[in-house]
Amino acid sequence: MLVQFYNVSKIYANGVKALDDVSLKIDGGEFVFLMGPSGAGKSTMIKMLYREEIPSRGQIFVASRSLVRMKRSEIPALRRNIGVVFQDFKLLENKTVYENVSFAMEVVGANYRDIKSRVGEVIKMVGLHGKEKSFPNELSGGEQQRVGIARALTNRPLLLIADEPTGNLDMHTAQEIMELLFDINRKGTTVIMATHAMELVKAAHKRVITLEGGRVDSDINPGEFTLC
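All residue numbers for the sequence shown refer to my numbering, where the first residue is 155 and numbers rise by one.
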């Protein structure tokens with residue numbers, strides 16, 4: 155079991171209850187969609203997975219490690235095992251594709267030889283070979299998201315979290331990004347993807363967890379999700 159939430163609630167200082175007694179388990183190797191309307195708790199759940207937020211109540215485990223009891227000094231090690239892909243890419247505009255991807259390894263102290271080998275590998279994996287020297291403003295939206303995915307993969311994470319990764323992309327490009335995420339999942343990385351793109355979810359035939367008002371409204375097995 156890779157991810158476990160036990161009776162997790164989150165109440166912010168302003169009184170907003172973002173999560174309300176959420177319990178769920180995600181196995182290693184799964185591809186899981188996280189759905190629900192704005193304010194349902196998706197972003198809070200995602201932030202908890204990489205320890206940007208902690209629960210008001212309950213327990214969360216990633217790879218059998220308690221995120222609630224985790225010391226601040228242990229958080230960097232956790233985040234090396236988690237890759238995060240954002241809707242707005244979050245690339246460094248003054249750095250090339252190669253530099254954006256390598257930065258994720260530099261900050262964890264990887265040596266030059268490992269960086270050179272791994273960065274070239276993931277850039278090729280996401281279909282950007284030949285674009286290493288390009289800057290973000292020279293790339294399409296889909297290419298920028300591929301850079302974001304490559305960066306998230308550099309440290310060989312156990313878990314890839316994709317927060318609305320197709321939200322700023324047209325449907326054709328979104329489908330290409332989905333195929334890339336499926337390929338990453340087939341190679342063994344667990345993927346949790348928050349999205350509003352119901353057409354993409356229906357076509358994927360994957361597990362779908364839907365949040366409503368901070369609670370798990372439904373948890374549907376692969377292939378059972380249908381559009382209303």
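Think of the CB as a built atom: it goes at the ideal place given N, C-alpha and C, for glycine as much as any other residue.
Which word fits residue i, buried or exposed, when buried means at least 16 other C-beta atoms lie within 10 angstroms of its C-beta?
i, result
"D268", "exposed"
"P319", "buried"
"R361", "buried"
"R340", "exposed"
"S256", "buried"
"G342", "exposed"
"E260", "exposed"
"E333", "exposed"
"M202", "buried"
"A167", "exposed"
"M189", "buried"
"P209", "buried"
"E207", "buried"
"M325", "exposed"
"K375", "A small correction: the amino acid at residue 375 is Asn; Lys does not occupy that position in the sequence shown. Exposed, since its Cβ has fewer than 16 Cβ neighbours within 10 Å."
"N254", "buried"
In the DSSP output, which residue or residues are listed as bridge partners for residue i?
i, result
"E366", "R369"
"R361", "V186"
"V176", "V162"
"Q213", "Y160"
"M347", "F187, A316"
"I374", "V362"
"K285", "According to DSSP, which records beta bridges pairwise, K285 is partnered with nothing at all."
Measure from the alpha carbon of residue i to the alpha carbon of each residue in the options, then state which is nearest.
i, options, result
"L246", "E292, G342, K278", "E292"
"A217", "R234, E378, I277", "R234"
"E378", "K356, E228, K244", "K356"
"R219", "Q158, I180, K164, A264", "Q158"
"A258", "A306, K270, P290", "A306"
"P311", "H283, D317, V162, V345", "V345"
"D317", "P290, T349, M155, S294", "T349"
"F289", "V239, H359, K249, S227", "K249"
"I392", "Y266, L335, M199", "Any property of residue 392 remains undetermined from this structure, which presents the chain solely from 155 to 382."
"G281", "D337, V239, N265", "D337"
"G212", "E275, G193, S163", "S163"
"M347", "Q241, I229, E275, S192", "Q241"
For residue i, collect the residues of the same chain with a Cβ closer than 6 Å to its Cβ; drop the 5 residues on either side in sequence, then sort them by chain order.
i, result
"G368", "K171, A172, L173, D174, G195"
"V262", "R234"
"N309", "R234"
"L221", "R205, I214"
"G237", "A306, L307, P311, L314"
"F185", "N339, V345, K360"
For residue i, collect the residues of the same chain with a Cβ closer than 8 Å to its Cβ; drop the 5 residues on either side in sequence, then sort them by chain order.
i, result
"Y252", "V273, I277, E286, K287"
"I331", "G296, Q299, R300, I303, P319, T320, L323"
"M224", "R205, L232"
"K179", "M155, V157, Q158, F159"
"D373", "L178, R361, V362, I363, T364"
"V370", "V176, S177, L178, I363, T364"
Between residue i and the rest of its own chain, which residues show a CB-CB distance below 7 Å, the 5 nearest in sequence each way excluded?
i, result
"A328", "T320, A351, L354"
"N161", "D175, S177, R211, G212"
Any beta-carbon of chain D closer than 7 Å to the one on residue i?
i, result
"I315", "In summary, chain D is missing from the structure at hand, where a single protein chain is found."
Legend entry - Contained beta strand (DSSP E) runs [length at least 3] in the region 209-283, N- to C-terminal order: Those beta strand (DSSP E) runs which fall completely within the region 209-283 and span 3+ residues are 211-216, 236-240.
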